[in-house]
Structure formats: C-alpha cells, structure tokens
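Top line first, the protein sequences correspond to chains A and B.
Mapping of the first sequence onto our numbering: position 325 corresponds to residue 330, and the numbering continues sequentially without gaps.
Mapping of the second sequence onto our numbering: position 343 corresponds to residue 548, and the numbering continues sequentially without gaps.
Don't be surprised by glycine CBs; every beta carbon is placed ideally from N, CA and C.
Below is one structure; the comments refer to it alone.
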Amino acid sequence: MTDATANGRRLPDRLDSPFKSAVLSWESLLVLVALGIFIANSFASPYFLNEWSLSDLTFNFTEKGLIALAMALVIISGEIDLSVASIIALASTLMGLALQYGADTPTLVAVGVGVGILCGAFNGFLVTGLKLPSIVVTIGTMSLFRGIAFIILGDQSFKGYPASFAWFGQGYVFWVISFELVLFLVAAVIFYVLLHRTNFGRRVFAIGNNATAARFSGVRVDRIKFVLFCLTGLMSGLAAILLTARLGSTRPSIAEGFELDVVTMVVLGGVSILGGAGSIIGVVLAALIIGLVTFGLGLLNVPGIVMTIFTGSLLIVVIALPILFRMIRERRA
Amino acid sequence: MTDPILTLSGISKSFPGVRALHEVSLELYPGQVTALIGENGAGKSTLVKTMTGIYQPDAGEIRVGGQLVTLPTAISASDVGITAIHQETVLFDELSVAENIYLGHAPKNRFGLIDWGKMRREAQETLDSMAAGIDAGMPLKELGIAKKHLVAVARALSVDAQVVIMDEPTAALSQKEIEELYVLVELLKKDGKAILFISHKFDEIYRIADRYTVFRDGEQVGKGFIKDTPQADIVKLMVGRSVEQIFPARQVTIGDTVLEVSGLSHPTEFENVSFSVKKGEILGFYGLVGAGRSEVMQAVFGMTKPSAGTMMLEGQTIAPKTPADAVSAGIVYVPEERGKQGVITGEPIFKNVSLPSLDKTSRSGFLRMAEEYALARTYTERLDLRASSLSQNVSTLSGGNQQKVVIAKWLATLPKVIILDEPTKGIDIGSKAAVHEFMGELVAQGLSVIMVSSELPEVLGMSDRIVVMREGLVVDTLENNDLQPETLVSLAAGIVEEKAA
Numbered sequence: 006m007t008d009a010t011a012n013g014r015r016l017p018d019r020l021d022s023p024f025k026s027a028v029l030s031w032e033s034l035l036v037l038v039a040l041g042i043f044i045a046n047s048f049a050s051p052y053f054l055n056e057w058s059l060s061d062l063t064f065n066f067t068e069k070g071l072i073a074l075a076m077a078l079v080i081i082s083g084e085i086d087l088s089v090a091s092i093i094a095l096a097s098t099l100m101g102l103a104l105q106y107g108a109d110t111p112t113l114v115a116v117g118v119g120v121g122i123l124c125g126a127f128n129g130f131l132v133t134g135l136k137l138p139s140i141v142v143t144i145g146t147m148s149l150f151r152g153i154a155f156i157i158l159g160d161q162s163f164k165g166y167p168a169s170f171a172w173f174g175q176g177y178v179f180w181v182i183s184f185e186l187v188l189f190l191v192a193a194v195i196f197y198v199l200l201h202r203t204n205f206g207r208r209v210f211a212i213g214n215n216a217t218a219a220r221f222s223g224v225r226v227d228r229i230k231f232v233l234f235c236l237t238g239l240m241s242g243l244a245a246i247l248l249t250a251r252l253g254s255t256r257p258s259i260a261e262g263f264e265l266d267v268v269t270m271v272v273l274g275g276v277s278i279l280g281g282a283g284s285i286i287g288v289v290l291a292a293l294i295i296g297l298v299t300f301g302l303g304l305l306n307v308p309g310i311v312m313t314i315f316t317g318s319l320l321i322v323v324i325a326l327p328i329l330f331r332m333i334r335e336r337r338a
Numbered sequence: 206m207t208d209p210i211l212t213l214s215g216i217s218k219s220f221p222g223v224r225a226l227h228e229v230s231l232e233l234y235p236g237q238v239t240a241l242i243g244e245n246g247a248g249k250s251t252l253v254k255t256m257t258g259i260y261q262p263d264a265g266e267i268r269v270g271g272q273l274v275t276l277p278t279a280i281s282a283s284d285v286g287i288t289a290i291h292q293e294t295v296l297f298d299e300l301s302v303a304e305n306i307y308l309g310h311a312p313k314n315r316f317g318l319i320d321w322g323k324m325r326r327e328a329q330e331t332l333d334s335m336a337a338g339i340d341a342g343m344p345l346k347e348l349g350i351a352k353k354h355l356v357a358v359a360r361a362l363s364v365d366a367q368v369v370i371m372d373e374p375t376a377a378l379s380q381k382e383i384e385e386l387y388v389l390v391e392l393l394k395k396d397g398k399a400i401l402f403i404s405h406k407f408d409e410i411y412r413i414a415d416r417y418t419v420f421r422d423g424e425q426v427g428k429g430f431i432k433d434t435p436q437a438d439i440v441k442l443m444v445g446r447s448v449e450q451i452f453p454a455r456q457v458t459i460g461d462t463v464l465e466v467s468g469l470s471h472p473t474e475f476e477n478v479s480f481s482v483k484k485g486e487i488l489g490f491y492g493l494v495g496a497g498r499s500e501v502m503q504a505v506f507g508m509t510k511p512s513a514g515t516m517m518l519e520g521q522t523i524a525p526k527t528p529a530d531a532v533s534a535g536i537v538y539v540p541e542e543r544g545k546q547g548v549i550t551g552e553p554i555f556k557n558v559s560l561p562s563l564d565k566t567s568r569s570g571f572l573r574m575a576e577e578y579a580l581a582r583t584y585t586e587r588l589d590l591r592a593s594s595l596s597q598n599v600s601t602l603s604g605g606n607q608q609k610v611v612i613a614k615w616l617a618t619l620p621k622v623i624i625l626d627e628p629t630k631g632i633d634i635g636s637k638a639a640v641h642e643f644m645g646e647l648v649a650q651g652l653s654v655i656m657v658s659s660e661l662p663e664v665l666g667m668s669d670r671i672v673v674m675r676e677g678l679v680v681d682t683l684e685n686n687d688l689q690p691e692t693l694v695s696l697a698a699g700i701v702e703e704k705a706a
C-alpha cells in the first residue's frame, strides 16, 4: 500500500502527468502500426499512393467501423452483440421490400434505421428483461434475423435503388472525401464524446468493471445496457443503408461475417474483451489499420479467404497478448 | 485418557491489516465431538482452512497421530485423513451420488479404468450403513441439501478420514433433517472419528458435543468438557474482550421518525419485519449470520423485491424498485461485501466517489472533472482517507480505506438514512475507530444510521436501540440501556433457559 498522505494533507488529483500516460498508451502503438502498414503498402504496390486509391481504401472500414463504435460501448459494458451483420441483412432486405412497394429515399432510410433500432431493442430486451447472456442471445438472433431475410428473398435479390439513395454509398461530399467517410468521422466524434465526456459513458465503464457494484451505487444497469443494444442496432441499420447503397442490391447473404471484423476492430482498438476498459480513439485507429491491411492485401491480389485467416489470427493475437503479458509479469513478481 | 488424533499448536495466520489467528491450539480426540465456538470473525473459518490445506499458517505446527505434517494443498489434507463438510457442500451437481463419493479415489479394474459396478456397489453399502435412503446411481442435483450432506458424510467415510470437520452443517437444514444428522454424528463417533463441530447454536452444541474450544479475536480463550460447563460461562468466554475498544460518546438529540418499515416480508428470507429509525439515531441490527438482516436491508434499498410490507420516509410512502430509486429518495446502503458490491476495484477513487452523484457534478449530462475531483476530495478528506492521489485505483487501497471510499460515495449524495452492513468487518483497528467516530458525526448532523453488525461490542457501543433478528424474524427491539452482551447472544441464538445477566 502507498500511504503517502499525512493526516490532513491535500490529496492531489493525480500523480502521473496525462501527457506521459498518453505517450505510453495502446493508442500510440496503434498509430505506429498504422504508419508502418501505410509505408509497407506504398512500397508493395505502385498504385497505393494515389488519392483515389486512398479514397477507395476508406470504404474498406467505414461501414464496419460505424458498428465498431457502438460495439465498443457494448463490449466495455461487459456484453457483446454478434447479430450486427444479420441486422444489416434484415434491414437491407426490408428496405428492398419497401422499394418494391414504391418507397422513396427518405422512407428507405427510415426503414433501415427503424429496423436496426427494433432489432437492437429485441436483443436488449432479451438480455436485460429476461436476464439471458448476450453471447447466447445474439448468436440466436444472428440466425433469426438473417433467417427472416432468407425467407423473404429466397435466392432472389432486390435491385433498382434510386440514384438519390445510391449516393449514401457511392457519393462524395468533397473531392475524394466520401459521404461514408464523413459519416464515420462524425459518428466517431459523437461516440468519443458519449463514452469519454458524459455521465452515460462513465456509467458504461462502471458497469463493465463491476455490474453488481454499479447497481449497488444506484446506476440503472439494465436501462443503460438496453440503450447500448439499441445503439448497436441503430449503427447496424446505418451500415445497412451505406452497404446497400454502395452495392446497389440486396441479397440475403449481404454482410456475412462482418461481426468478426467488427469485434476484431474493437479488440484491436484496446477495448478489453472482459469489459471495463477501452477508448474510441483506439477503435478508430484499429478500423483504419484493418482497412489498410485488407486494402494492401487486395492490391497484392491476395484472395479473400486469406484475409479471413488474417483477421481471425489478428483477433486471437490481440486477445491473447494482454493475458500473456500479465502471465509473464506475474511469473516475475 | 486417549491421545488426540490431531493436534494444532501455536498456529498464527495474518492477512494484510488483520491478525486472523494468534498462537491458537486445538486438540481433536478419536470418537469425540469437539465444538468450536466463537463470534463471527473470531477465526474459526481461518482455522478450518488452515487444517484443510487451503491456507498455510505463518507459524505453528500440525500433528496427525503424533506425526508432524504440512498441508500444502487440499489433497494433502485429505491424504492424512482430514476432511471437511461445509455449510454449502462442495459436491458436483452433475455427477451421480456414487461418483461424488468416490471422486478422486474411485476403485479401478485391471485395465486401470474405473470399476463402475464396484464403485456403485460400495457407495450403496456405505449409504445403506448410514440408513441414508439414497440410491447411489442418482444424479446429485436431484437431492435436497440435507441429503447432500449425507453424501458428503458418506464421502468422508469412504476416504477413511480420521478427522471430520463439520462447518455449521445444520444452517440450511430443517429440524427433522438435523435429527438425522445427529444420528450420523453418533455413527461417526462410534467409528472412532474425531469430529470438529462448528456451530452458533447452543442447543446443538449441548446435544452432541463432548468438548468445546472457544475462540475470540483470533485467540483460543478457553476449552473444556461440555458437561462440566454451563452455557453462561461459554457465552462469557465468547463475548469478553481482550482489547477494550473505546466508542465515541455522543451528545445528540434524537428527533422524529425518519424511516418507518412495517410488515416487510420476503418469500424465503424474512417475514413481517417492522422497525423505525429516528433522526439522529443509530439503530443496531444484531443477529447470527443468516438471520436475514442483510436481506432486509437490501429490500429497503431496492435491490430485492419484498412480497409484502410498506415503507414510509419522512411521512411519504416509498417503494424503491431499484437502488437508484432508493438513492434518490435518500436511502443509501454500504454493503457487507465491499469488494464485490461496494467499490468498483478497476476504477480510481474519484470515479467511485462521484458515480452516484454524477448528475450533480455534470452539466447537462457532460462530465466536469474538476467538480468530480472537488467532490471526491471534500468527502474523502472528511473521512481521513489514506491514499497517494484521487486517481489511485481503489484495488490498491486497504480494506479500511476502501470502506471509506464507499462511505464517501454515499455521503456525497446527501442521504437521509445510511445503512451500514457490517461496516468494520475485516478492517484494521485504526480504520474501525475512524468509522465509528464518523458514525457519531453523521448522527450529529441529523442523519439516521442503521448499522447491521455481528460484533457485539460494536452493536452495544454504537447503537441507541437494537433490533435482534433470528431466522428471518424480529425477535425483539431493545433500548440500549445497560444491555448485557449475554442478553443479545441469548436472543439471537434462541437460548431461553438460564438467561445470564
């Protein structure tokens, strides 16, 4: 124990300078990794250093990154949502269905967002209302949501989205800056403030560290968790709009396997898979790194299945590293 | 006189800030039941854990049949013939009864595989010899708690244990099941086993024990034969103090009733509990572990839902559904399980303190760190918190200082009623005194304090009135005028005859 204060002396706010802890953080390591991959990419392919290449690169992570922002909060609170990719499939399918009934672009957006929120609320109800473990609930709804999409679509696909809708996935706000990138950056700022600068975010951390003690401290744990599942639903709905608009069609297999990439981004971003710790800056950097890596591998004509091997291995390494470090430290102590 | 099978001598064990055992000794004799008696925190569980290889003593020696032994693991204790039957059995629900009995020493066939037929047969023989009425092939989970105890005893017989420790074995049993257990104890005695019987209930002790050993504050303070010793003498040994504690004198005018609870009931834990606490009053709750005191408090705090009853706070009916409701009404709760329920150990001091007050320190939902630090500093300094900075992680604080963080957290919400559940359990003497002194200050400022405590000196030293609970019922509510500790112990343990005064 470090009992430094004598009786009556003033307790300082903190001892470490915030600057020092920022330099030694996981985020600064991620910045270095991102820079390293960027430089490696520019050597590996002559087509990489080009403004349109770099713009294309951002499409590799914006949709998944949007979901990762909300997923970070869910995982920090000690839960997980594996149904996000299936929410995209269901939201996209229902948007396509609405299109068949002549829906215009604002209605399509409302359907995408609405379906996302409803799916999230359903997950949230099962977890907080019925007290079921979120990993089981969302594995179940993962099959359920996509199953509904399959029933509606069969082996068909919806096509013919209007140009004003396609702009969400294909349009540029300014020069090579896409709407998707702008939306991701705006969402990142909002989630940064929400997690690190509000009472809500503080309570999310408290729940993830010790849900029982948080409840004993007057935190409305269930209400907050419910909101978090609605938020991932909402972000999945937004991702469904972007992805559908970008692809121009809906198939029931849309966004298959996205949940793996999203969870990888969150964990690579330094969010503890056990809950209670993490930062939005880390998640944004991790999204960028995954985008850089998959784009670089694409430029080198590496097939998609190899990229899956890469993300899978990355996920395991990132989860195992902190545990390995702790084991080494304990052995030394 | 026979020689003891198991002899402990000079055993000491300390934890950071707490001296759990100090040079204690214990002898267990074959074919005899020795009762281990003491208040909560007297060191009984620590001793049991030392005897079963879970804790290593800092000093002292353990002899089994005269041979010096060390018990580095639970298996080594079982190898020398020491086995324990716990309050909550450590058996495996998903396995069969026979598997539970023979787990770790199952009979093998000539291929080195488990001989299931033999195991089943022998398990059944053991159970039948106890007249247990249990089929050895049944899954354990289909048995009630009493039958599970029987299985644990059968396991003790099957490993050929010489020493059987029974840690409050009757706590969860009905009267009929307790009678069955007595028969078993007799069986074990006839078999020549040495039995250590831990219980709070004097009727049990006088019914089945031959000898007794009394612990107090981690020291052995007396031993002898049950039949030569009246209950009053044992009670005196239990409650007498070696270290006199000084409690702050208070000059507080007690005001009107603040919180009135009437007829509060819970399907399983407590029934028809009524009490009230006044402004400036400390209301003590005394009882044995499992008497339902904490459960009542958690219902008042909105953690659990009562099945009946009403609560009035300053004349207004309240029915908190969550702790958040209770906190905004002005009732706060300092839980007994500090590490699990009190503090959030992964977070720094200031975040722990500000958590329930975030609405006050923030502006439209946005954090203002400076306000948080100021709030945390105000209340932790009032409690004389010892830390290096407000950003220090609470997991690095001692138990006493963690408790101060929990209390600071609640004071910052400006409550009307503060419930303290075993506020000084497991904290060092210095912090204890600080907490006691602070309770005096709280009531002086017009708060109402409800203090659940199993420590007699604390209850008697701090309370204005004392509610005694036993088995989920309020037995009595007493004015704390010249109350004798023996009166409280008798009420809590249900001793009716020969009240010592």
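Between the options, which has its C-alpha nearest residue i's C-alpha?
i, options, result
"residue 257 of chain B", "B:372, B:412 and B:339", "B:372"
"residue 665 of chain B", "B:698, B:490, B:278 and B:647", "B:490"
"residue 78 of chain A", "A:149, A:235, A:174 and A:328", "A:235"
"residue 363 of chain B", "B:384, B:398 and B:338", "B:398"
"residue 650 of chain B", "B:325, B:244, B:388 and B:457", "B:457"
"residue 615 of chain B", "A:160, A:221 and A:96", "A:221"
"residue 691 of chain B", "B:386, B:286, B:626 and B:443", "B:443"
"residue 236 of chain B", "B:567, B:381, B:395 and B:682", "B:395"
"residue 558 of chain B", "B:598, B:215 and B:207", "B:598"
"residue 632 of chain B", "B:563, B:339 and B:544", "B:544"
"residue 227 of chain A", "A:212, A:175, A:173 and A:167", "A:212"
Leaving aside the five residues before and after residue i along the sequence, list all residues of the same chain whose C-beta is less than 7 Å from its C-beta, in chain order.
i, result
"residue 534 of chain B", "518, 523 and 525"
"residue 266 of chain A", "69, 295 and 316"
For residue i, which residues in the same chain have their Cβ closer than 8 Å to its Cβ, ignoring the five residues on either side in sequence?
i, result
"residue 52 of chain A", "58 and 304"
"residue 685 of chain B", "489, 665, 668, 669, 670 and 671"
"residue 468 of chain B", "477, 478, 479, 513, 514 and 515"
"residue 688 of chain B", "665 and 671"
Could you tell me which residues DSSP puts in a beta bridge with residue i?
i, result
"residue 401 of chain B", "B:239 and B:370"
"residue 517 of chain B", "B:465 and B:522"
"residue 211 of chain B", "B:233 and B:269"
"residue 421 of chain B", "B:424"
"residue 656 of chain B", "B:489 and B:625"
"residue 538 of chain B", "B:624"
"residue 671 of chain B", "B:489 and B:683"
"residue 216 of chain B", "B:229"
Going by beta carbon distance, what residues of the same chain come within less than 6 Å of residue i, once the five residues before and after it are set aside?
i, result
"residue 410 of chain B", "240 and 404"
"residue 346 of chain B", "298"
"residue 464 of chain B", "482, 518 and 622"
"residue 139 of chain A", "84, 85 and 132"
"residue 91 of chain A", "147, 150 and 151"
"residue 324 of chain B", "303, 307, 311 and 312"
"residue 496 of chain B", "674 and 675"
Counting beta carbon pairs with one atom in the region 414–431 of chain B and one in the region 648–661 of chain B, are three or more of them shorter than 8 Å? Touching, no.
Contact between the region 179–196 of chain A and the region 254–264 of chain A (3+ Cβ pairs under 8 Å): Flag = no, the region 179–196 of chain A and the region 254–264 of chain A do not touch.
In the region 333–390 of chain B, which residue ranges form an unbroken alpha helix (DSSP H) of at least 4 residues, counting only runs that do not cross its ends? Correct list: 350–363.
Evaluate contact between the region 619–629 of chain B and the region 504–518 of chain B, counting only Cβ atoms and requiring at least three cross-stretch pairs below 8 Å. The answer is yes - the region 504–518 of chain B touches the region 619–629 of chain B, with three or more Cβ pairs under 8 Å.
Of all the beta strand (DSSP E) runs that stay within the bounds of the region 277–335 of chain B, which reach a length of 3 or more residues? Note on the region 277–335 of chain B: whole beta strand (DSSP E) runs with a minimum of 3 residues are 287–290, in chain order.
Residue ranges of each alpha helix (DSSP H) run of no fewer than 4 residues wholly in the region 270–326 of chain A, ordered along the chain? Assignment of alpha helix (DSSP H) within the region 270–326 of chain A, counting only whole runs of 4 or more residues, yields 285–304 in chain order.
With three or more beta-carbon pairs closer than 8 Å as the criterion, would you say the region 271–278 of chain A touches the region 318–327 of chain A? Verdict: yes, contact present.
In chain order, what are the residue ranges of uninterrupted alpha helix (DSSP H) at least 4 long that sit wholly in the region 46–100 of chain A? Taken in chain order, the unbroken stretches of alpha helix (DSSP H) that lie wholly in the region 46–100 of chain A and span 4 residues or more are 56–63 and 67–81.
Unbroken stretches of the beta strand (DSSP E), 3 residues or longer, contained in the region 143–208 of chain A: Annotation: the region 143–208 of chain A contains the following complete segments of the beta strand (DSSP E) (minimum length 3 residues), in chain order: 177–179.
Should the region 280–298 of chain A be called in touch with the region 236–249 of chain A, which here means at least 3 C-beta pairs below 8 Å? Between the region 280–298 of chain A and the region 236–249 of chain A there are fewer than three C-beta pairs closer than 8 Å, too few to call the two in contact.
Along the chain, which unbroken stretches of the alpha helix (DSSP H) at least 4 residues long are found entirely within the region 564–637 of chain B? DSSP runs (the alpha helix (DSSP H)) wholly in the region 564–637 of chain B: 574–587 and 604–616.
Would you be able to state if there are at least three C-beta pairs under 8 Å between the region 116–135 of chain A and the region 174–184 of chain A? Result no; under three Cβ-Cβ pairs closer than 8 Å.
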